[in-house]
Amino acid sequence: MKPILNDVHSQLNETEVLQVVRPRTLSELQEIVNEAKEKKTPVSVAGGRHAMGGQQFAADSLHIDVTGLDRVLDTNPVKGLLHIEAGADWPKIIAACHAMQTETGKTWGIRQKQTGVDSVTLAGSISANAHGRGLLMQPLGDDIENLTLVDANGEVVFCNREENEELFSLVIGGYGLFGIIYSATLRLEPRQRLRRVVDVIDLDDAMNAVYRRVEEGCLYGDFQFVIDSDNESFLRRGVFACYKPDETEGVEPDSTSDLDPATWLKLLKLAHEDKKEAFRLYAGHYLNTDGNHYWSDTMQLSTYVPSYSDFLESADKENPASSTKETLVIGEHYVPKEQLLAFVQKAREILRSFDTEVIYGTIRAILRDQVSYLPWAKEDFVCIIFNLRTSHTQSGLERTANTFRALIDASRESGGSFFLTYHRSASVEQVEDCYPKFRDWLGLKKIYDPDEIFTSSWYVHYRDAFSQKDSPAR
14 MKPILNDVHS QLNETEVLQV VRPRTLSELQ EIVNEAKEKK TPVSVAGGRH
64 AMGGQQFAAD SLHIDVTGLD RVLDTNPVKG LLHIEAGADW PKIIAACHAM
114 QTETGKTWGI RQKQTGVDSV TLAGSISANA HGRGLLMQPL GDDIENLTLV
164 DANGEVVFCN REENEELFSL VIGGYGLFGI IYSATLRLEP RQRLRRVVDV
214 IDLDDAMNAV YRRVEEGCLY GDFQFVIDSD NESFLRRGVF ACYKPDETEG
264 VEPDSTSDLD PATWLKLLKL AHEDKKEAFR LYAGHYLNTD GNHYWSDTMQ
314 LSTYVPSYSD FLESADKENP ASSTKETLVI GEHYVPKEQL LAFVQKAREI
364 LRSFDTEVIY GTIRAILRDQ VSYLPWAKED FVCIIFNLRT SHTQSGLERT
414 ANTFRALIDA SRESGGSFFL TYHRSASVEQ VEDCYPKFRD WLGLKKIYDP
464 DEIFTSSWYV HYRDAFSQKD SPAR
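Counting from 14, one number per residue, gives the positions in the sequence shown under our numbering.
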């Protein structure tokens with residue numbers, strides 16, 4: 014029987030593959046790619062399997078699981094560089110940084126990682142060009158010194174900003190389509206002690222609050238908004254938590270997770286059943302932690318329970334006969350900061366008109382990406398993230414897709430964009446408008462991988478959609 018794979022979060026990408034292989038060395042990885050090329054077998058690749066739009070799976074592909082490639086290869090404690098196999102997840106990367114303590118006692122740490130989940134690989138994070146909560150940071154590609162890949166010919170290729178620079182820019186934010194990332198050298202920064210600063214504020218003041226916090230020296234921060242669409246404060250009011258360097262003597266940073274799994278699940282359940290109470294408890298928790306101290310790296314780790322949907326289903330005691338599967342689907346939208354209020358007003362109207370439930374949402378900042386060939390952060394943007402409650406029925410899936418398309422149009426009207434691979438709801442016109450270099454990117458894919466060895470359901474969907482649009486009418 015062929016293996017059937019699915020993504021962890023949305024669980025909407027069930028895909029039958031030919032085989033799953035888990036290489037443990039560079040030579041094994043090369044052998045796998047070479048054999049696939051000889052047999053003309055398409056290859057898909059994944060690590061933590063958290064991508065939701067089909068970028069990590071392809072039907073009848075040879076699926077490479079990179080999580081067996083997680084060794085530290087080299088360190089430079091003087092310059093703060095960590096060379097590590099790219100199948101390593103973030104807890105392992107952070108531990109490797111801590112082992113790099115210098116003669117002066119300085120400890121290195123990561124600059125950023127994506128929030129919400131930790132058990133995802135460095136390769137996956139680079140392929141998505143992920144971002145964290147930095148107030149003045151570009152996406153993750155800015156933290157990458159160099160990459161070592163296995164290309165479509167099974168050859169090992171080194172690339173950075175000077176050597177094979179085009180390929181370097183294509184692989185960062187390239188969704189695994191231009192080569193398999195074997196290893197990466199990550200730029201680190203000294204680990205810092207931070208103090209959390211928490212406010213509950215209105216969105217009207219949010220951008221001014223960001224500027225104030227940046228001027229005060231805060232390095233990280235985000236805004237978690239009200240998710241109750243019946244509340245006048247829907248999307249407009251939220252918890253604004255920032256992190257400021259603080260070297261107060263005698264204060265030991267909290268090394269524990271903010272929310273233990275039981276509390277995390279309780280809040281998630283309330284977000285489905287009693288959104289007002291969920292926000293009250295969430296805001297209360299954060300306000301109670303105002304002034305707490307954290308390390309700049311471990312502060313970025315998150316609580317995530319992969320079996321959350323099973324928990325919610327089993328907890329639905331009032332409707333035990335219900336067998337409809339529900340999960341969360343993420344959409345991320347970008348607008349210039351001066352358009353934030355206008356976009357949020359449109360989003361309020363869209364979500365209410367489609368009767369679409371937001372279970373969790375946040376607003377963050379990002380600086381213009383100067384590394385990736387196909388940047389989602391084309392300018393300095395505000396990032397608005399929605400986790401939408403999605404029933405696994407035709408009507409439920411259509412509602413979520415229509416909602417995302419409307420939100421994409423709203424971000425386009427605001428001079429913004431959206432993240433490409435959280436779903437496949439965006440039309441060709443929407444992709445083309447938000448990613449003007451997308452056609453050129455598809456062309457470069459055929460140059461670097463003419464036999465399309467590296468593929469995915471997401472890639473095939475948009476390759477064919479663009480091809481169909483370009484074909485002359487018959």
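For glycine and all other residues, C-beta sits at the position ideal for the given N, C-alpha and C.
Start and end residues, beta strand (DSSP E) containing residue i
i    : result
I343 : E339 to V348
G374 : V371 to I379
R200 : I193 to R200
D78  : L75 to D78
Q32  : Q32 to V34
T161 : I157 to V163
L94  : L94 to E98
S336 : Neither: S336 is in no beta strand (DSSP E) and is coded neither H nor E.
V184 : Note, V184: premise wrong, no beta strand (DSSP E); alpha helix (DSSP H) at E178 to V184.
Range covered by the alpha helix (DSSP H) that runs through residue i
i    : result
N221 : A219 to E228
T88  : Segment V85 to N89 is the beta strand (DSSP E) holding T88; no alpha helix (DSSP H) there.
N415 : Q407 to E426
S138 : L135 to A141
S480 : S470 to D483
S57  : Here S57 belongs to no alpha helix (DSSP H); instead the beta strand (DSSP E) covers V56 to A59.
V357 : L353 to S366
F451 : F451 to Y461
K288 : K288 to N301
DSSP beta-bridge partners of residue i
i    : result
A254 : V211 and D235
Y307 : L207
V21  : Beta-bridge pairing links V21 to no other residue.
C396 : Y347 and R377
S430 : Y347
V170 : L162
Contact under 8 Å by Cβ, residue i with residue j
i    : j    : result
V473 : A49  : no
H306 : R208 : yes
L135 : I106 : yes
E260 : R293 : no
F431 : L455 : no
S499 : Q69  : Lying outside 14 to 487, the shown extent of the chain, residue 499 is not represented and no answer is given.
I421 : P152 : no
N244 : K289 : yes
V163 : G192 : yes
G234 : V133 : no
T198 : H96  : yes
E339 : T416 : no
L232 : P266 : no
Y224 : E98  : no
V34  : D78  : yes
G263 : Q352 : no
S309 : G129 : no
Residue of the options minimising C-alpha distance to residue i
i    : options                   : result
F253 : L353, G122, S366 and L216 : L216
F324 : H285, N19 and R35         : H285
W389 : Q24, A99, N47 and V348    : V348
I397 : Y373, R377, R365 and L31  : R377
K450 : L341, Y386, G167 and F171 : Y386
D466 : G167, G67 and N159        : Before going on, a small fix: residue 466 reads as Ile here, not Asp. Comparing Cα-Cα distances from I466 to each of G167, G67 and N159, the minimum goes to G167.
D382 : G67, I157 and T302        : I157
I343 : L354, R250, D287 and A64  : A64
L149 : W308, F394 and E178       : F394
G67  : P319, Y435 and V33        : Y435
E175 : G230, N159 and L248       : N159
L201 : L401, E29 and K126        : K126
V170 : Y461, D477 and K482       : Y461
S336 : L94, H22, S427 and T406   : T406
CB contact check: residue i to chain D, cutoff 8 Å
i   : result
I97 : Annotation note: the requested chain D is absent from the structure, which comprises a single protein chain.
Evaluate the contact criterion for the region 182-190 versus the region 392-412: three or more CB pairs, one atom per stretch, below 8 Å.
no
With three or more beta-carbon pairs closer than 8 Å as the criterion, would you say the region 119-139 touches the region 358-368?
no
Between the region 294-302 and the region 89-98, are three or more C-beta pairs nearer than 8 Å?
no
For the region 363-373 against the region 135-144, are there 3 or more C-beta pairs whose distance is under 8 Å?
no
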